[in-house]
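Q: Below is a structure I'd like to ask you about.
Protein chains: 2
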Amino acid sequence: MAEFEAKLYYFDGRGLAERIRLMLCITGVKFEEVFFTERSELEKLLKAGDLLFGQLPLLEIDGLKLVQSNAVTRYVASRSNMYSTDPKDQVRIDSLYDGTRDFMTVFMAPIFRMSEEEMKKQAEEAFPKYLPVFEKVLKENGTGYLVGKSVTLADAGLLEVLLAMEDYFDAPLKDYPQLNKFLSKMKSLDGVKVYLKKYRKRKNDEKLKTEVMRVLGKS
Amino acid sequence: MAEFEAKLYYFDGRGLAERIRLMLCITGVKFEEVFFTERSELEKLLKAGDLLFGQLPLLEIDGLKLVQSNAVTRYVASRSNMYSTDPKDQVRIDSLYDGTRDFMTVFMAPIFRMSEEEMKKQAEEAFPKYLPVFEKVLKENGTGYLVGKSVTLADAGLLEVLLAMEDYFDAPLKDYPQLNKFLSKMKSLDGVKVYLKKYRKRKNDEKLKTEVMRVLGKS
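These protein sequences, in sequence, are chains C and U. So the first sequence is numbered by the working numbering: it starts at 66 and just counts up by one. So the second sequence is numbered by the working numbering: it starts at 66 and just counts up by one.
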């Protein structure tokens with residue numbers, strides 16, 4: 066890993082690794098990716114005992130082999146001061162981040178658990194539950210970010226959802242001026258530019274599903 | 066809240082509040098509980114804007130109104146040094162805790178999303194995935210706890226699962242000596258004794274389901 070600081074093992078798709086890719090980019094970590102396409106590649110890691118619960122993604126960083134996507138994302142955020150050190154800010158970040166994870170669930174589903182059309186229907190039902198909350202929090206905080214004066218784990222979580230929304234809907238934020246401003250601001254960050262240009266994966270499709278099922282031994 | 070340090074709002078059942086009850090007891094926080102049985106009680110909190118995403122449980126503590134059960138649990142753990150301050154220990158705690166949350170999902174399901182029989186079938190499929198992992202981690206750490214030398218958020222998460230297992234299965238840990246020892250050790254903690262005697266809620270049943278559906282306006 067000479068020129069890289071981290072190595073991410075996953076499929077060549079979004080899934081649970083996308084939040085890690087985004088966080089690595091935002092915090093400026095140079096990382097390489099290993100894409101699994103065959104069952105044998107996963108079995109090698111399983112045999113080595115590198116996957117605590119037998120699941121991907123796996124991130125190698127700081128001499129650690131990390132699993133569980135949200136634990137990994139929080140760790141990468143922490144090491145770049147994106148998780149605060151004040152307990153009251155931390156719990157605010159955690160609550161908002163966990164809200165973005167609940168919201169994000171629907172965008173993990175297409176092709177794998179339902180058709181794109183069914184997902185879009187469920188997403189539209191989730192919009193009025195989540196979007197006004199984040200709009201209000203942004204307005205009340207008044208700094209352009211969800212918590213405090215700089216980018217945190219919570220902002221990265223929200224950005225992941227908003228980017229997914231853009232992929233499936235036309236102008237989904239038209240009634241949400243704060244969220245619109247937030248999205249533009251986040252997109253102007255150097256790390257997010259790198260992410261969008263170089264690391265963002267394509268939407269879930271049948272090819273990805275076939276690959277994932279083969280690697281997981283479910284085909 | 067004169068004699069209490071915290072106030073927990075939820076239903077008179079386990080659900081997402083049980084992890085908070087357990088953590089409050091382990092860390093010795095004196096708390097009172099408000100049980101919702103009518104829709105109007107929830108609407109009052111919603112109107113007051115106390116529920117960030119419109120969901121329970123809500124915990125009032127340290128002048129904060131906290132939501133998102135895992136964020137709340139992590140906060141309560143933090144304020145009693147059950148979450149470490151070392152980033153490498155924190156990510157280890159997070160990974161293991163998140164594993165216990167995945168494992169716990171199946172025990173949240175009975176009556177609400179499936180019958181007790183269906184849940185038990187799914188739980189038995191999950192056992193070989195999770196139990197050997199925690200058995201191994203306990204053995205390797207060698208202190209009787211999952212991470213470091215004292216009780217952490219991860220141990221509380223594991224305890225919640227093991228207690229649920231005991232409710233539905235006979236001697237589920239007979240092939241897991243480390244887990245057996247862990248469970249006994251955790252049960253001997255003063256806070257856990259208080260939890261089991263005073264705060265632990267009954268298993269999900271039809272009465273609880275009816276109540277929850279009514280409060281959520283889904284009946």
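For every residue, glycine included, the Cβ atom is placed at its ideal position computed from N, Cα and C.
#1: If you compare alpha carbons, which of U:L244, U:K130 and U:K272 is closest to U:V17?
#2: Using CA coordinates, which residue listed in C:L73, C:L124 and C:R79 is at the minimum distance from C:L274?
#3: If C:L123 sits next to C:Y260, beta carbons under 8 Å apart, how far is it from one beta carbon to the other, in whole angstroms?
#4: Beta-carbon of C:N206 versus every beta-carbon of chain U: anything under 8 Å?
#5: Reducing DSSP to helix, strand and coil, say where U:L228 ends up.
#6: Under 8 Å by Cβ, that's how I've got U:V212 and U:I158 pegged, so tell me the actual separation to the nearest angstrom.
#7: Can you list, in chain order, the residues of its chain whose CB lies under 8 Å from that of U:M66, leaving out five sequence neighbours each side?
#8: If I follow the unbroken beta strand (DSSP E) through C:A71, where does it start and stop?
#9: Please return the same chain residues whose Cβ sits closer than 8 Å to the Cβ of U:G119, not counting the five positions on each side in sequence.
#10: Judging by CA-CA distance, which residue of U:E205, U:Q187, U:L117 and U:S215 is the nearest neighbour of U:M230?
#11: Given a cut-off of 8 Å on the beta-carbon distance, is the pair U:L218 and U:A136 in contact?
#12: Since I believe C:M169 is in contact with C:V132 (beta carbons under 8 Å), could you give me their beta-carbon distance rounded to a whole number of angstroms?
#13: Distance check for U:S105 and U:A113, CA to CA, integer angstroms please.
#14: Spell out whether any CB of chain U is found under 8 Å from the CB atom of C:F118.
#15: Against chain C, with Cβ distances strictly below 8 Å, would U:L261 count as a contact?
#16: From C:K194 to U:P242, what does the alpha carbon distance come to, in whole angstroms?
#17: Name, going along the chain, the residues of the stretch 118-145 of chain U whose beta-carbon falls closer than 8 Å to a beta-carbon of chain A.
#18: What does DSSP give as the partner residues of C:F234 in its beta bridges?
#19: Counting only beta-carbon separations shorter than 8 Å, does C:G285 have a partner in chain U?
#20: Would C:D240 count as contacting chain U if we go by Cβ distances under 8 Å?
#21: Under the rule that 16 or more other beta-carbon atoms within 10 Å means buried, what is U:S253, buried or exposed?
#22: When the Cα of C:L228 is compared with those of C:L248, C:K239 and C:D240, which residue comes out closest?
#23: Cβ of U:Q243 within 7 Å of any heavy atom in the ligand COA?
#24: Quick check: C:T102 and C:E271, are their CB atoms within less than 8 Å of each other?
#25: Roughly how many angstroms separate the alpha carbons of C:M278 and C:M173, rounded to a whole number?
#26: Between C:K283, C:A236, C:G222 and C:R166, which has its C-alpha nearest C:V257's C-alpha?
#27: Which whole-angstrom value is the C-beta distance of C:G340 and C:K250, which I expect to be below 8 Å?
#28: C:K266 and C:D77: beta carbons closer than 8 Å?
#29: If we ignore side chains and look at the alpha-carbon of each, how far apart do U:Y233 and C:E205 end up?
#30: Does any residue of chain C have a CB that is nearer than 8 Å to the CB of U:K283?
#31: Within this structure, are the beta carbons of C:F100 and C:Y75 separated by less than 8 Å?
#32: On the three-state DSSP scale, how would you describe C:K204?
#33: Measure the beta-carbon distance from U:V216 to U:I91 and round it to whole angstroms, keeping in mind my assumption that it falls under 8 Å.
#34: Who does U:V99 pair with in a DSSP beta bridge?
#35: Whose CA, out of C:P197, C:D240 and C:P175, lies closest to the CA of U:L116?
#36: Counting only beta-carbon separations shorter than 8 Å, does C:G213 have a partner in chain U?
A: The answer reads as follows:
#1: Absent from the structure is residue 17 of chain U, since the part of chain U shown begins at 66 and ends at 284.
#2: For the sequence presented, residue 274 of chain C should be read as Lys rather than Leu. Checked all of C:L73, C:L124 and C:R79; the closest Cα to C:K274 is C:R79.
#3: With 8 Å as the limit, C:L123 and C:Y260 do not qualify as a contact, their Cβ atoms being about 20 Å apart.
#4: By this cut-off, C:N206 is not an interface position.
#5: U:L228 falls in the helix class under three-state DSSP.
#6: Going by Cβ atoms, the distance from U:V212 to U:I158 rounds to 5 Å, so yes, they are a contact pair.
#7: Because the pLDDT of U:M66 is 48, which lies under 50, any placement of that residue in the model is unreliable, and the number read from its coordinates should be weighed accordingly. Taking C-beta separations shorter than 8 Å and ignoring five residues to either side along the sequence, the partners of U:M66 in its chain run K72, E97 and E125, following chain order.
#8: In the DSSP annotation of this structure, the continuous segment of the beta strand (DSSP E) that includes C:A71 starts and ends at A71 to Y75.
#9: The answer, listed in chain order, is L111.
#10: Taking only the C-alpha atoms, the option nearest U:M230 is U:Q187.
#11: Taking 8 Å as the Cβ cut-off, U:L218 and U:A136 do not qualify as a contacting pair.
#12: About 19 Å; that fails the 8 Å criterion.
#13: Distance between the alpha carbons of U:A113 and U:S105 is about 12 Å.
#14: Chain U contact via Cβ: present.
#15: No, U:L261 does not count as interfacial toward chain C.
#16: One alpha carbon belongs to C:K194, the other to U:P242, and they sit about 46 Å apart.
#17: Of the protein chains in the structure, C and U, none is chain A.
#18: According to DSSP, C:F234 bridges with nothing at all.
#19: What is shown of chain C runs 66 to 284, which leaves residue 285 of chain C out entirely.
#20: Chain U places no beta carbon closer than 8 Å to that of C:D240, leaving this residue out of the contacts.
#21: A residue is called buried once 16 or more other Cβ atoms fall within 10 Å of its Cβ, and U:S253, having fewer, is exposed.
#22: Per the Cα distances, C:L248.
#23: Ligands displayed in this structure: none; no statement on the ligand COA is therefore possible.
#24: Contact annotation: C:T102 and C:E271 have beta-carbon atoms that are not nearer than 8 Å.
#25: Separation of C:M278 and C:M173 (C-alpha to C-alpha, rounded to the nearest whole angstrom) is 15 Å.
#26: Comparing Cα-Cα distances from C:V257 to each of C:K283, C:A236, C:G222 and C:R166, the minimum goes to C:G222.
#27: Because residue 340 of chain C is not part of the residues shown, which for chain C are 66 to 284, the question remains open.
#28: Their beta carbons are under 8 Å apart, which means C:K266 touches C:D77 by this criterion.
#29: U:Y233 and C:E205: Cα-Cα distance of roughly 46 Å.
#30: No, because no Cβ of chain C sits closer than 8 Å to the Cβ of U:K283.
#31: Yes, the Cβ-Cβ distance between C:F100 and C:Y75 is below 8 Å.
#32: Helix.
#33: Between U:I91 and U:V216 the Cβ distance is about 7 Å, and since that is below 8 Å, they are a contact.
#34: Partner(s): U:Y74.
#35: Looking at the Cα atoms, C:P197 is the closest of the given residues.
#36: When Cβ-Cβ separations below 8 Å define contact, C:G213 makes no contact with chain U.
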